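What follows is one structure encoded as structure tokens, with my remarks underneath.
Residue numbers (the working numbering), protein chains in the order written: chain H, 4 to 575; chain W, 4 to 575.
Here it is, written out as structure tokens:
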């Protein structure tokens, strides 16, 4: 097995000898006080005529594994219910239901946690692993991966108390509204108190998780949090990748700016672009990338976009469109659409609620979103397709701003800005890198919450050479920390790197991508993503998948090559 | 205590000696195989600063009762989640999520049932009852009623297996779509198979419940089902009331028709009445009756209206409006609005999820809906308020059909029709009565499903003198049986009787109701309903409430007097 860049030893051992794990199993199964007192009543197994003929519901030769599939089916149902409640929360629920709904979602999160962090689950996993050793022929690669993921999920939850999980869920849902308020009012004081509470809570969760791995260094809690989004992530590996990428980008930037200085500045868009027409455009584009509206939809919210959903119910939520700029809502729709087709392409008929039927975490998820939004959705040929149609849609016939090369330049113009969401593709990494450094220090305690605005502004100046004009433009701009997502930011860059690597393979398999995009034909590239990535669920670990699809471990070369191609080499 | 008309001995014993029940407690606590193997992990009790200062979350002198409150809080949360999923299911969910959502709702229904039908719950109820006997001073009337309702809920569930409950939930949600299909296609064949499955399942549930009461007569299963909607209902009492009401209405009808024959037939409405304007009108009317849009809303569906919701989230769903007749959607909005203000008026701040904080079942619920829709919403004075406004809204200035007396006659014109939903107030009872007789026979097995269409048409002819022209106009018209609501129909008439009785008391307290309605001022009457009925939750049983509010047990006099006043005595 090749060296993998940022995955834990635990994951690497997957296909190695299971003996070591069995030997150490007893140790990490020592119950965390309070989390194990419940004895689950097993869900009813697949029965007679009503049973779907799927791998999820099939009886396995190992009855303990069949039981586990039923337990995880119900855990998956709870996930799906929480997702649905969340969509409703953001899009349709009356305001007065806010507080009680928070309680309901937190309650169900606790229940889900209790079902998962149950001694019975651990026992059954152990039994199933014994069965797998004794009768390896009875276990196909999907079942093996499924059991492995069950164990991994169990390990992630078993040390954390259900009270903590309930509190965390409540605070996370609450955070979305808190963020909206502090952002609107540029209110650092209110933000500080909430962030302090959130960080303390996240650290407590992280430290519970670290007990498991017997890790006590200062960075271990941050790594534990990061692994919720990037399974098996190792902070040292990510540091290595990011340091190299940082130097490379810093070296490239003068060349980029040099070339850009010889180009005309893009003509800004002049609206209005009515919201309804933008929504219609965005739905049409989602259709082009193969998003199935029978199993999903596109909705708007006054606040941040929301990722997530299930293969049966993928309701994308983007921010209400800005009538001055249709490219922003389009960017958001393409990004969420990339997430959406990944979710919809998961192996739902066979493995609907099973761990192996789920996505590979935030890094791979972002790779799919950025593939559509940035890699493909910013190609000149796509704007050649788009231009005449948006001229017509918005009745801007012949306007210079709407010409293909102008739209292309608008979306590829490199200019440092304090705002991550409107940042260009090249300087985007600096936004991620500085956030990662800050959140590490917040979790380790090296950075006090009260010092965040100064630290933010200093980093921003140092990395991007710009200064935010307000807290809202500075350290309050992102929703992530308010909803408890510490350790998520690196996913964007890891995903960007993966997307660039996948794109290189895709170009080898599909030679006429530019011609296809010029006709608005996303079908071949999306089918490629579907069969190479989406359909596998978690059959392979993400490092394995990257190697399988691209022939190489994850690295920075494809992304830097992409930057060179798009921002240095090409004529405008 | 006065004789109450239709409540079980079990309920009457509430304030009598508890010894009998304690003696028999052991008997009915014998576990039903399969329903009790789970040992609940207790939900975390109210803690520190986050605890709402409500009776629900307060620690009680009896720790077992505090535990029970936490268990029932979580059961209530599951109810609320199922309600929210159901709203989403009908109004926003993408079609492709249909099957998986059915599974999720059925799963959660099973979980709720398991939490409730748990031996631990029975034990704690027994302990709490002992505490109540020993320390009666520690128990105020709300806590006593709450414990009583806990026991009642437990009794309703403890004998039914969780598999059966899951299957029933799934079939019920599925039934709504099945009904839409068979109705559209007038497809009795498809309906028959589904109804057979539903009836077999309902009978199985009912028979499980009867084991508890050691009742083996043929009507017991139907009565057990009816009690899900009308707690403590006794079929013999209802028979007595309905027989008397039937004779009375049959005696009145010739007088009604005699008087009506001297009147001009109402001028039919001539549309179009744009749907958007109807929705706006209906929302305005809901505002007038005090419906709180901060905790609810009004939505449309292609199918039947949906009752239900929670005090925090009361989203009413009515059928998409008919552009030829704004009175139909208005009727539906007023009816659902009556349900809605009842739900919103429940004692949520103190008792949000507790049994004592819930409504008193379908009969009282319908009384509130029919009070708004039929008793108040068909008064001439209300149409005097409405007429000039709908003239304006729909731009029908001066049209004869839109005049107050014409609108009044349209809504009070007595004419037998095969359709329950558009039936007039007087012949409405016959629709209920025939359905009750048919569903009793379906559950007891006396009537075979295959013979339902003939039996339906014969009853219709016998009771109303009309014949449906199709299955869709006949035995397929109602959604109730398709969603498993056997035993619900009597609630409409019991509710109508209650509404008429409440109205008499209301008139004693508020002497100028007609004047108020002429000004569109529903505030005083709705405040009266709120303080006399809604705010009590289940503090009193419904028979007690009727007596408290009206001074009499439930009887047919007020309703028949209402018919005489409106349909015989008054000049047009």
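We put the CB at the ideal spot given by N, CA and C, even for glycine.
Here the structure is a predicted model, which means the values were calculated and not measured.
- A straight line joining the alpha-carbon of residue 454 (chain W) with that of residue 441 (chain W) spans about 11 angstroms.
- With contacts defined as CB atoms closer than 8 angstroms, residue 108 (chain H) and residue 93 (chain H) fail to qualify as a contacting pair.
- Looking from the CA of residue 358 (chain H), the closest CA among H:124, H:126, H:148 and H:61 belongs to H:148.
- For residue 96 (chain W), the residues of chain H that pass the 8 angstroms Cβ criterion are 87 and 316, in the order they occur in the chain.
- Taking 8 angstroms as the threshold, the shortest C-beta distance from residue 115 (chain W) to chain H does not fall below it.
- Nearest Cα to residue 67 (chain W) within the set W:132, W:327, W:110 and W:81: W:132.
- The beta carbons of residue 536 (chain H) and residue 371 (chain H) sit closer together than 8 angstroms.
- Look at the beta carbons and you see the region 517-535 of chain W touching the region 381-400 of chain W: at least three pairs across the two are nearer than 8 angstroms.
- Counting C-beta pairs closer than 8 angstroms gives three or more between the region 339-358 of chain W and the region 310-330 of chain W, which meets the contact rule.
- Counted as a single uninterrupted DSSP element, the alpha helix (DSSP H) harbouring residue 346 (chain H) occupies residues 329-347.
- For residue 63 (chain H), the closest of H:275, H:504 and H:146 by C-alpha to C-alpha distance is H:146.
- Scanning the region 382-421 of chain H from its first residue to its last, no whole beta strand (DSSP E) run of 3-plus residues comes out.
- Close CB contacts of residue 379 (chain W) within its chain, under the 7 angstroms cut and outside five residues either way in sequence, are with 385, 520 and 528 (chain order).
- Collapsing the DSSP output to three states places residue 567 (chain H) in a helix.
- If you look at residue 303 (chain W), you'll find it in the beta strand (DSSP E) that goes 299-304.
- Restricted to the region 230-278 of chain W, not a single beta strand (DSSP E) segment is unbroken, complete and at least 3 residues in length.
- Residue 58 (chain H) sits in coil when the DSSP states are folded into three classes, being neither helix nor strand.
- Assignment of residue 536 (chain H) by DSSP, reduced to helix, strand and coil, places it in the coil class.
- Residue 453 (chain H) carries a helical assignment under DSSP once its states are collapsed to helix, strand and coil.
- Distance from the CA atom of residue 369 (chain W) to the CA atom of residue 122 (chain W), rounded to whole angstroms, is 34 angstroms.
- Listed in chain order, the alpha helix (DSSP H) runs fully inside the region 149-226 of chain W are 165-188 and 191-216, counting runs of at least 4 residues.
- In the DSSP annotation of this structure, the continuous segment of the alpha helix (DSSP H) that includes residue 443 (chain H) starts and ends at 431-447.
- Legend: CB atoms of the region 292-304 of chain H lying less than 9 angstroms from CB atoms of chain W belong to residues 295, 296, 297, 298, 299, 300 and 302.
- Residue 355 (chain W) sits in coil when the DSSP states are folded into three classes, being neither helix nor strand.
- The straight-line gap separating the alpha-carbon atoms of residue 565 (chain H) and residue 183 (chain H) is approximately 35 angstroms.
- Closest option to residue 206 (chain H), judged by alpha-carbon separation, among H:428, H:448 and H:513: H:448.
- Between the alpha carbons of residue 97 (chain W) and residue 152 (chain H) lies a gap of roughly 29 angstroms.
- C-alpha of residue 468 (chain W) to C-alpha of residue 419 (chain W): approximately 7 angstroms in a straight line.
- If you ignore the 5 residues before and after residue 547 (chain H), its C-beta comes within less than 7 angstroms of no other C-beta in its own chain.
- Ranked by Cα distance from residue 562 (chain W), the first of W:267, W:285, W:204 and W:245 is W:245.
- Interface flag for residue 340 (chain W) against chain H is unset, since no Cβ pair is found closer than 8 angstroms.
- For residue 128 (chain W), the enclosing alpha helix (DSSP H) covers residues 122-137.
- Counting only the Cα atoms, residue 329 (chain H) lies some 30 angstroms from residue 349 (chain H).
- Residue 320 (chain W) has W:302 and W:309 as its beta-bridge partners, per DSSP.
- When the Cα atoms are used, residue 481 (chain H) and residue 444 (chain H) turn out to be separated by approximately 17 angstroms.
- Within the region 101-115 of chain W, the residues whose Cβ lies closer than 9 angstroms to any Cβ of chain H are, in chain order, 101, 102, 103, 104, 106, 107, 108, 110, 111, 113 and 114.
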